[in-house]
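At position 136 of the sequence shown (counting the first as 1) the number is 140 in this note's numbering, and the numbers step up by one without a gap. Just so it is clear, CB atoms sit at the ideal spot from N, CA and C, and this is done for glycine as well. All values derive from a computational prediction rather than experimental measurement.
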Amino acid sequence: MLSKSQIKLITRLKQKKYRVAEGFFVAEGVKVINELLNSTLELHHLFTTETFKINNNETLITQAELKKISFLTTPNKALAVFKIPEAVKIDTNGLIVALDDVRDPGNLGTIIRLCDWYGITNLVCSIGTVDCYNPKVIQATMGSITRVNISYLNLSYFLKQNNKTPILGAFMDGENVYKTKLPNSGILVMGNEANGVSKTIEEQVTNRIAIPRFGTLQATESLNVATATAILLSEFKRNA
């Protein structure tokens, strides 16, 4: 049975300020929760309509109770509260993906999955990028968040600290990525959905790259940032 204090805690965790204050985030659905349980993340409590056998950290609840605390339109059997892990030092070797104010939770979640798929172990995000512990981001990662080190920082300062490594930015007027010799290591900067890479970050980019349009009318304004990230990572890894 759910207590009033448990309901209050969980519903508050929808907002970033409370996730930061409490140090917890919410995950929903059997598949996502199992992925997180099999990682190094620390489970705070599990609420489920079907037992997971997690000893004292599990509470059986009804579907009606699950609906009270779920952030999903159609709740999926279980909701878990996990502890937000401590920040891990960034390994600057290899390829790093950097996000400049990506705001859509679905885009961030997909990019985290892409990093996991392509073996990118470090994802750095500007302070203005959507929180990776947002419930919608967690859902979209499908567990990949446990295998990618995500850091939030002053992106401009981070690039200045690493200005001896290639810094590649995605731009509409960049060099054709299919005709460009890409480095084995560096930082790939992806910009905001509406405005692209900001002027401050653009000034620090050493290589401008672009995904060319092949359509006859050349009318498509731009690609979704997650789609563009997938294409560019595929090119980086093609000859790896």
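- Exclusion of the five residues before and after Ser-189 leaves Asn-97, Gly-98, Leu-99, Thr-169 as the residues of its chain whose Cβ lies within less than 7 Å of its Cβ.
- Within the region 82-153, the complete beta strand (DSSP E) segments of 3 residues or longer fall at 82-87, 99-103, 126-130, listed in chain order.
- Taking all protein chains in view, the Cβ of Ala-91 is surrounded by fewer than 16 other Cβ atoms within 10 Å, so the residue is classified as exposed.
- Exclusion of the five residues before and after Lys-72 leaves Leu-6, Ile-11 as the residues of its chain whose Cβ lies within less than 8 Å of its Cβ.
- Using a C-beta cut-off of 8 Å, the region 171-188 makes contact with the region 206-221, since at least three inter-stretch Cβ pairs fall below that distance.
- Contact between Leu-40 and Thr-150 holds, since their C-beta atoms are separated by about 6 Å, short of 8 Å.
- In this structure, DSSP gives Leu-157 an extended state, which the three-state scheme calls strand.
- One Cα belongs to Leu-237, the other to Glu-26, and the distance between them is close to 35 Å.
- Residue nearest to Leu-83 within the set Gly-147, Glu-32, Asn-61, Lys-93 is Glu-32 (criterion: CA-CA distance).
- For Glu-179, the enclosing beta strand (DSSP E) starts and ends at 171-180.
- Taking C-alpha positions only, Phe-56 is separated from Val-141 by approximately 23 Å.
- Rounded to whole angstroms, Asn-126 and Ala-234 show a C-alpha spacing of 16 Å.
- Two segments are said to touch when three or more pairs of C-beta atoms, one from each, lie closer than 8 Å; by this definition the region 13-24 does not touch the region 110-130.
- Setting aside the 5 residues that flank it on each side, Glu-54 is surrounded in the same chain by Lys-81, each with a C-beta closer than 6 Å to its C-beta; the list follows chain order.
- Its chain contains Val-229, Ala-230 as the residues whose beta carbon lies nearer than 6 Å to that of Asn-111, once the 5 sequence neighbours on both sides are disregarded; these appear in chain order.
- Counting other Cβ atoms within 10 Å of its Cβ, Ser-9 stays below 16 and is therefore classed as exposed.
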